[in-house]
Amino acid sequence: MTTLASALALLVALAVAGVLFGRRAHLLYRIVRLGKPTDRTGDAGRRARTEATVVLGQRKLLQRVVPGLVHALVFWGFVVLLPTILMALLGAVDEDWTLPWLGHQGWYLLLVDVFCVLVLVGVIAAFGIRKVQRPARFEGSHLREADLILGLIAVIVTTLLLWHASQIALGIAEWPAGWSPLSNAIATAMGDGAWLETGERVFVWLHVLTILSFLVYLPYSKHLHIGTAGINVWFGRTRSRGRLEPLDFEVEDEAALRLGSGTLVDMTWKQMLDTMSCTECGRCQDVCPAWATGKDLSPKLLIMGLRDRLFAEGPAVLDGREPTALVPAAVTDEVVWDCVTCGACVHECPVSIEHVDHIVDLRRHLVMAESRFPAEAGTMLRDVGRSSNPWGKPQSERAAWADGLGVRVLEPGDPAPEVLYWVGCAASFDERARASARATATLLLHAGLDVGILGPRESCTGDPARRMGDEFTFQEQARRNVATLGEAGVTRIVTSCPHCFNTLGSEYTDFGGSYEVVHHTELLAELLADGRLEAPEGTDPITYHDSCYLARHNDVVAAPRAIVSRIGRPLEMARHGKRTFCCGAGGAHMWMEERGSAINEERAREAAATGAETLAVACPFCTMMLDDGVRQTGSGLRVADVAVLLAEAVVPASGD
Ligand code: SF4
Ligand code: SF4
161 MTTLASALAL LVALAVAGVL FGRRAHLLYR IVRLGKPTDR TGDAGRRART
211 EATVVLGQRK LLQRVVPGLV HALVFWGFVV LLPTILMALL GAVDEDWTLP
261 WLGHQGWYLL LVDVFCVLVL VGVIAAFGIR KVQRPARFEG SHLREADLIL
311 GLIAVIVTTL LLWHASQIAL GIAEWPAGWS PLSNAIATAM GDGAWLETGE
361 RVFVWLHVLT ILSFLVYLPY SKHLHIGTAG INVWFGRTRS RGRLEPLDFE
411 VEDEAALRLG SGTLVDMTWK QMLDTMSCTE CGRCQDVCPA WATGKDLSPK
461 LLIMGLRDRL FAEGPAVLDG REPTALVPAA VTDEVVWDCV TCGACVHECP
511 VSIEHVDHIV DLRRHLVMAE SRFPAEAGTM LRDVGRSSNP WGKPQSERAA
561 WADGLGVRVL EPGDPAPEVL YWVGCAASFD ERARASARAT ATLLLHAGLD
611 VGILGPRESC TGDPARRMGD EFTFQEQARR NVATLGEAGV TRIVTSCPHC
661 FNTLGSEYTD FGGSYEVVHH TELLAELLAD GRLEAPEGTD PITYHDSCYL
711 ARHNDVVAAP RAIVSRIGRP LEMARHGKRT FCCGAGGAHM WMEERGSAIN
761 EERAREAAAT GAETLAVACP FCTMMLDDGV RQTGSGLRVA DVAVLLAEAV
811 VPASGD
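Adding 160 to a residue's 1-based position in the sequence shown gives its number in our numbering.
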């Protein structure tokens, strides 16, 4: 073929691929534009850092070393080999054409050889994982599509090597052949037959046409993530992971009032982009406590279900048709209510998909627009609204746990204390959790701190209502508490409940409440470190359970461990720190019937397997759930809050 004929052929190929790719990309763009607004501007520096570590550095994927490395090899190979696409396009037109400068650099062609091998190793290893190891996380994923993609990648890399080798064999390589050891070796094996001239053309055209086919196939396949993942990571959350986006009930135009996600047009554009970025890797499914205990919810299948609905209905909705309800068309009611909002899926997801936001938005619509929720949880919602606590107890009993301890109960007009102890509903009303409140208050007073509590003026933070989807009740509670805290002049808060900790510290800022909020384990560890509390070194084996809302959502990992390692001999569970496993109470599950096997029992068994005698916790809900779990599994572990254990060591007479 002459240069002109080749150029024309390439133009036709590019035009066909461009039209097919462009049409699909434009449709996807228009679907995303259907989404509701959500502000993901600002924090450019942080976004750039996340992009560098999560996308370029493959940080999240490398949390699992072998599959992470396999993906990283293919991804890094893709980045390094990107310029070879331009080289091949030029080379397809004329065998003597290549990229100026870079196409003549021996070091770059050495890199190309090396990364071709690494990509092939990655592809073979990926096939091995899928076909031989067959991890459960792929259950429900589109495996045939993945096979096709891997096959196309192998063809692209192999034809690149063969093209380079044939150029070396023909003596037309634009770079010193000695820099390409593998291509050179293949060139030697090719010999100098007459077929080489044709072979070189066949290899480069096969290479170019495979790349174009790959490009066209991408937006129609699950490997769409190659184009969307980097964008999705850029627009990921930059504020606290535990914070939920508030709904605006004050909108002037009632049509603009959004009550969560009822149909696909209620989803935000970020949520739509989320669904298009899923790689179906199943890492989220693998860590999900709901899935692990036999429930219907898989965060992966949830995102895939939403994506399927988007693709099935999006074009018709763009043409003006009414969308159908996401529940049950995309996901079932059971899936929506199975979630404990532990955030393990979000933490694991390599492309920054925000599953919890999706689930809470689906709940918001069911609860607020349809009054549809598990019957047993309705009592809790009513009690939060009427009695200001989910136990439905009289507020006058809120400070009963503190009788005789000498804690100051703040009356209106009293001077603000050095630190306000926000007790939370669980530690105020549940007998097992009250032990933690008594121990915390005792220790703080023992250390000489000026501590006060709000007593009957403290009201539920609204966390369980919010996680249930009742944003309206949550915002009422939030506004009331922010007003009370403001009147009391509070600036520093300590709380022993990770849910209150998350809500007061990360969510009340949206309602004008801005305080320094610390968890009781942080304050106690600080007092221990600066000598205001003294405890003898202990040797009893203790395993510590990280609460999801403390460790994963709010990064508090070291402080409770500092206390545990002072008063005992720490033994870690397999799942700990930010990769902890839920106790089963989150997402308002404290007030819901559990289907399938029990999450708390699974965690209690894991704790017992460490050989510890004590299971230390730092959350009143974990205390209750794991205490039940230990009883059900009969392991005999003692479940106690870190504060209780510390109080026993510091002030033995007062410890519970
Ligand atoms: S938040 Fe936890 S329970 Fe909910 S889907 Fe994610 S991993 Fe599963
Ligand atoms: S949601 Fe994230 S972790 Fe889950 S399968 Fe998709 S890409 Fe993987």
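Virtual Cβ for every residue (Gly too), placed ideally from N, Cα, C.
On a predicted model such as this, the values are computed, not experimentally measured, just so you know.
DSSP three-state call for residue i: helix, strand or coil?
i	result
His-302	coil
Trp-365	helix
Glu-647	helix
Thr-428	strand
Ile-702	strand
Ala-175	helix
Ser-814	Confidence at Ser-814 is low in this model, with a pLDDT of 46, below 50, so its placement is unreliable and the value that follows should be read with caution. In this structure, Ser-814 counts as coil in the three-state DSSP scheme.
Val-315	helix
Val-491	coil
Tyr-581	strand
Asp-468	helix
Val-567	coil
Thr-162	coil
Lys-455	coil
Glu-676	strand
Asp-307	helix
Lys-460	helix
Asp-543	helix
Lys-196	strand
Asp-517	helix
Asp-801	strand
Asn-549	coil
Val-411	coil
Arg-481	coil
Leu-806	helix
Ser-596	helix
Ala-296	helix
Gln-265	coil
Arg-445	Rather than Arg, the amino acid found at residue 445 in this sequence is Gln. Helix, per DSSP.
Count the other C-beta atoms from every protein chain shown that fall within 10 angstroms of the C-beta of residue i, then say buried if there are 16 or more, exposed otherwise.
i	result
Ile-284	exposed
Gly-771	exposed
Trp-497	buried
Gln-445	buried
Val-506	buried
Gly-796	exposed
Thr-681	buried
Lys-291	exposed
Ser-340	buried
Val-642	buried
Pro-572	exposed
Arg-542	exposed
Ile-595	Note that residue 595 is Ala in the sequence shown, not Ile. Buried, by the Cβ-count rule.
Phe-409	exposed
Met-540	buried
Asp-690	exposed
Alpha carbons only, please: which of the options is nearest the one belonging to residue i?
i	options	result
Glu-535	Glu-754, Thr-600, Lys-220	What sits at residue 535 in the sequence shown is Ala, not Glu. Of the candidates Glu-754, Thr-600, Lys-220, the one whose C-alpha sits nearest the C-alpha of Ala-535 is Glu-754.
Leu-605	Ala-559, Gly-205, Leu-687	Leu-687
Gly-480	Gly-771, Ala-772, Gln-792, Leu-194	Leu-194
Ala-349	Ala-325, Leu-372, Leu-369, Leu-366	Ala-325
Ser-757	Thr-663, Met-784, Asp-456, Ala-587	Asp-456
Asp-199	Trp-429, Asn-344, Val-214	Trp-429
Cys-885	Ser-619, Glu-808, Ala-452, Asp-521	The structure shown does not extend to residue 885, since the chain is modelled only from 161 through 816, so no value can be given for it.
Glu-715	Arg-726, Arg-739, Ile-727	According to the sequence shown, residue 715 is Asp rather than Glu. Residue Arg-739 is the option with its Cα nearest to Asp-715.
Phe-395	Leu-805, Pro-197, Met-785, Val-802	Pro-197
Ala-185	Leu-366, Leu-375, Val-172, Val-239	Leu-375
Val-799	Leu-806, Met-784, Val-810	Met-784
Ala-734	Met-750, Arg-721, Tyr-704, Pro-336	Tyr-704
Ala-601	Asp-493, Leu-478, Pro-295, Asp-563	Asp-563
Cys-509	Val-491, His-302, Glu-557, Lys-460	Lys-460
Gly-789	Val-810, Asn-760, Arg-598	Asn-760
Thr-398	Arg-361, Gly-353, His-302, Ile-513	Ile-513
Asp-824	Leu-242, Gly-263, Gly-217, Gly-331	With the chain covering only 161 through 816, there is no way to say anything about residue 824.
Thr-163	Pro-379, Glu-766, Ser-343, Leu-250	Leu-250
Thr-423	Leu-522, Val-393, Leu-478, Arg-183	Leu-522
Thr-319	Cys-499, Phe-287, Val-279	Val-279
Glu-557	Ser-531, Glu-732, Arg-617	Arg-617
Inset, instruction - Quick one: which unbroken beta strand (DSSP E) runs of 3-plus residues sit fully inside the stretch 605-663? Chain order, please. - result: With a minimum length of 3 residues, the continuous beta strand (DSSP E) runs that stay inside the stretch 605-663 are 611-613, 652-655.
Legend entry - 4-residue-minimum alpha helix (DSSP H) runs that sit fully inside the stretch 703-753, ordered along the chain: 718-727
Legend entry - Length at least 4, wholly inside the stretch 751-799: the alpha helix (DSSP H) runs in chain order: Listed in chain order, they are 759-768, 780-793.
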